[in-house]
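Undergrad:
Numbering (my numbering), first residue to last: 484 to 871.
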């Protein structure tokens, strides 16, 4: 194998072209990593609000909460199922929740959709990650609401004490809720009965959130629905699975669009790597001939140039990932394809994303450096030394 010192010396002699190539690869890896972080951030935001002990019940044919509906009779039947846990008061730990979408004015201009969720008093018990950070919980039977921290930050007139208008009435904001980064921070919560009346929903709901009794699995809970003809059109799923499925369409769109952009950028990075490595070969023809004359085999020369390429690409990959990691301090918003409402989320980095980004950078480098390395390895000793 060619000595490492020889390979390292090549970087110094071609500092400018090496730097430009590393910068190009770093830019592409930054974009690629940012795309994966966005996708993972969406999935994490939607799924983090779920629990394996809780189940969300929706109509089988629905694509999300907005398109699902449970009538009052169905809700009453579900309430009697023995698989649902009971609270200290002996009542089922369940919350039938109508979900609607309203428009609010964004800070900075424009209008965006916001999810309004009607909940029952058990909602906070079912979702222990919800915490009222300012104010209080709304009073049952009143036109009061609590809003998520993201709603307060991004929309006009959505702060503590403000009144927001929807369904031809004004609703007073009496509390701000933190949901540990989950999608609930992008929602408005009010009393389920008041929302049903305001939107002429009768006693129906969009979905139902329940706590399964100790020892009950989701498969057993599903079986209870299959065994009852009155519930055959409905299906329970764990909260984690339900919200993960809600994120798939948006996450897939982000990945597909982002990957297409990354591929376009990657052509530039690969071309940069090719130019750098061909320049390295052209400038070191005599050195290559000397190495071959000293007894180094073709595969040793090939290996040294490929190693050089890998080092350059990995350097760019590491720099790109480091820069992308700072995106975790930013929060952005987009439209949730299932609810057609705004969803605020943060970029999120994981070990898997880091590994994928570094593998991607290495592949770019190998593609860019393969043919120049082959050319270097195939140089004949006599032809190479003739350039001296």
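The beta carbon of each residue, even a glycine, is placed where N, CA and C say it ideally should be.
Decide if residue 571 is buried, meaning its Cβ has at least 16 other Cβ atoms within 10 Å, or exposed.
TA: So residue 571 counts as exposed.
Undergrad: Under the DSSP definition of a beta bridge, which residues are partnered with residue 593?
TA: Answer by DSSP bridge pairing: none, since residue 593 is not bridged.
Undergrad: Decide yes or no for the touch test of the segment 677-689 against the segment 521-529: beta carbon pairs closer than 8 Å, at least 3 of them.
TA: The segment 677-689, when compared against the segment 521-529, does not touch it at the 8 Å Cβ threshold.
Undergrad: Can you give, in chain order, each stretch of the alpha helix (DSSP H) that sits fully within the segment 615-700 and has at least 4 residues?
TA: Correct list: 632-637, 675-681.
Undergrad: Per DSSP, which residues does residue 481 bridge with? Please list them.
TA: Since the displayed the chain opens at 484 and closes at 871, residue 481 lies outside it and no answer follows.
Undergrad: Please classify residue 537: is it buried, with 16 or more other beta-carbons within 10 angstroms of its beta-carbon, or exposed?
TA: Its Cβ being crowded by 16 or more others within 10 Å, residue 537 is buried.
Undergrad: Any idea if residue 622 is buried or exposed, counting beta-carbon neighbours within 10 angstroms, 16 or more meaning buried?
TA: Classification of residue 622: exposed, given that the 10 Å Cβ count is below 16.
Undergrad: Name the DSSP bridge partner or partners of residue 542?
TA: Answer is 717.
Undergrad: Distance check for residue 833 and residue 851, CA to CA, integer angstroms please.
TA: For residue 851 and residue 833, the distance between alpha carbons rounds to 27 Å.
Undergrad: Note down the Cα distance separating residue 524 from residue 662, rounded to an integer number of angstroms.
TA: C-alpha separation (whole angstroms): 15 Å.
Undergrad: Tell me which residues share the same chain as residue 707 and place their Cβ nearer than 7 Å to its Cβ, disregarding the 5 neighbours each side in the sequence.
TA: So the qualifying residues of the chain are 564, 566.
Undergrad: Quick one: grab the DSSP three-state call for residue 702.
TA: Residue state, collapsed to three classes: helix.
Undergrad: List the DSSP bridge partners of residue 553.
TA: 688, per the DSSP bridge assignment.
Undergrad: Under a three-way DSSP split, which group does residue 587 fall into?
TA: Residue 587 falls in the strand class under three-state DSSP.
Undergrad: Could you pull the start and end residues of the beta strand (DSSP E) that residue 571 belongs to?
TA: No beta strand (DSSP E) contains residue 571, which DSSP labels as neither H nor E.
Undergrad: Just how far apart, CA to CA, sit residue 840 and residue 831?
TA: Those two C-alpha atoms are separated by around 14 Å.
Undergrad: Identify the continuous alpha helix (DSSP H) that holds residue 522 and give its terminal residues.
TA: Unbroken alpha helix (DSSP H) run through residue 522: 498-530.
Undergrad: Can you check whether the CB of residue 642 is closer than 8 Å to the CB of residue 629?
TA: No, they are not a contact pair.
Undergrad: Residues bridged to residue 580 by DSSP?
TA: Residue 580 pairs with 690.
Undergrad: What are the start and end residues of the alpha helix (DSSP H) that includes residue 609?
TA: 606-609 is the extent of the alpha helix (DSSP H) around residue 609.
Undergrad: On a CA-only basis, which of 593, 626, 576 is nearest residue 608? Give me that one, please.
TA: Taking only the C-alpha atoms, the option nearest residue 608 is 576.
Undergrad: If you count every other CB in all the chains shown that lies within 10 Å of the CB of residue 512, and 16 or more means buried, which is it?
TA: Label assigned to residue 512: buried.
Undergrad: Using DSSP's beta-bridge definition, name the partner residues of residue 537.
TA: Residue 537 pairs with 694.
Undergrad: Helix, strand or coil: how does DSSP classify residue 598 here?
TA: Three-state DSSP puts residue 598 in a strand.
Undergrad: Spatial neighbours of residue 616 within its chain, please: CB distance less than 6 Å, with the 5 preceding and 5 following residues excluded, ordered by chain position.
TA: Around residue 616: 659, 661.
Undergrad: For residue 719, does the count of other Cβ atoms within 10 angstroms reach 16, so buried, or fall short, so exposed?
TA: Buried, because 16 or more other Cβ atoms sit within 10 Å of the Cβ of residue 719.
Undergrad: Determine the DSSP secondary structure at residue 559, reduced to helix, strand or coil.
TA: DSSP places residue 559 in helix when its eight states are reduced to three.
Undergrad: Are residue 668 and residue 690 touching if we call contact CB-CB under 8 Å?
TA: For residue 668 and residue 690, no; Cβs fall outside 8 Å.
Undergrad: With a Cβ-Cβ cutoff of 8 Å, do residue 520 and residue 810 count as a contact?
TA: Yes. Within cutoff.
Undergrad: Indicate the three-state DSSP secondary structure (helix, strand or coil) for residue 806 in the structure shown.
TA: Correct three-state label for residue 806: helix.
Undergrad: Quick one: measure Cβ to Cβ for residue 714 and residue 582, integer angstroms, because I've assumed they're closer than 8 Å.
TA: With 8 Å as the limit, residue 714 and residue 582 do not qualify as a contact, their Cβ atoms being about 20 Å apart.
Undergrad: For residue 740, does the three-state DSSP call read helix, strand or coil?
TA: Of the three classes helix, strand and coil, the one that applies to residue 740 here is helix, per DSSP.
Undergrad: Please determine, among 647, 757, 625, the residue with the shortest C-alpha to C-alpha distance to residue 635.
TA: The residue with the shortest Cα to Cα distance from residue 635 is 647.
Undergrad: Where does residue 788 land, buried or exposed, given buried means 16+ other C-beta within 10 angstroms?
TA: With 16 or more Cβ atoms within 10 Å of its Cβ, residue 788 is classed as buried.
Undergrad: Label residue 614 either buried or exposed according to how many other C-beta atoms from any shown protein chain fall within 10 Å of its C-beta, with 16 as the threshold for buried.
TA: Residue 614 comes out exposed.
Undergrad: Could you give the DSSP three-state label for residue 851: helix, strand or coil?
TA: Three-state result, residue 851: helix.
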